[in-house]
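All remarks here apply to the structure that follows.
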Amino acid sequence: MIAAGLLMVFAIGLAATARSAQLEDPTPRAAVLESVELRFTDRDDGGISVFGEGGAEVYRVQPESNGFIRGVLRGMYRTRRIEGLGPDEPFVLERLRDGKLQIRDPQTGHEVELRSFGHTNYEAFVAVLEAAR
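Letter by letter, the sequence shown follows residues 55 to 187 of this note's numbering.
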């Protein structure tokens, strides 16, 4: 029982150390083919407005739809809150040379590779990217 407790404390300490050290991933990143800065705002009707680099609304997530988009954004904003950052700076949606699509937060360094969540979820963000062009 004591050994299990010590192992748990060690694992949590190791995770905290790695997080605070912000260790870099040694895997080389694919080149960015396309990139847009986007801001997301909750609407009174339960939807989400997506604003492009020029400040115009480029896409609207309808109420009670696109749970994947909502979940990804919730996680990204949660990371900002934990790190004491505000919600106003844009996220970056990027299509990479290797075919991946990712959303990245320049403020926190947090990024989510979207293709790994399946075709339907990937396509939800492709629609946002295409609308923002």
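Ideal Cβ placement from N, Cα and C applies to all residues, glycine included.
Values in this document were obtained by computation on a predicted structure and should not be read as measured data.
Of the candidates D99, G100, V90, V90 places its Cα closest to the Cα of G108. 8 Å or more divides the Cβ of P117 from the Cβ of D96.
Annotation for L139: no alpha helix (DSSP H) segment contains it, and DSSP assigns it neither H nor E.
For D159, the closest alpha carbon among the candidates L147, E184, P82, V180 is that of L147.
By DSSP's assignment, I157 forms a beta bridge with L147, V166. In the three-state DSSP reduction, E184 falls in the helix class (H, G or I). Here R149 is buried: its Cβ has 16 or more other Cβ atoms, across all protein chains shown, within 10 Å.
Nearest C-alpha to Y176 among R128, G153, V112: G153.
Scanning its chain for C-beta atoms nearer than 7 Å, with the 5 sequence neighbours on each side dropped, one finds around A185 the residues V112, Y113, in chain order.
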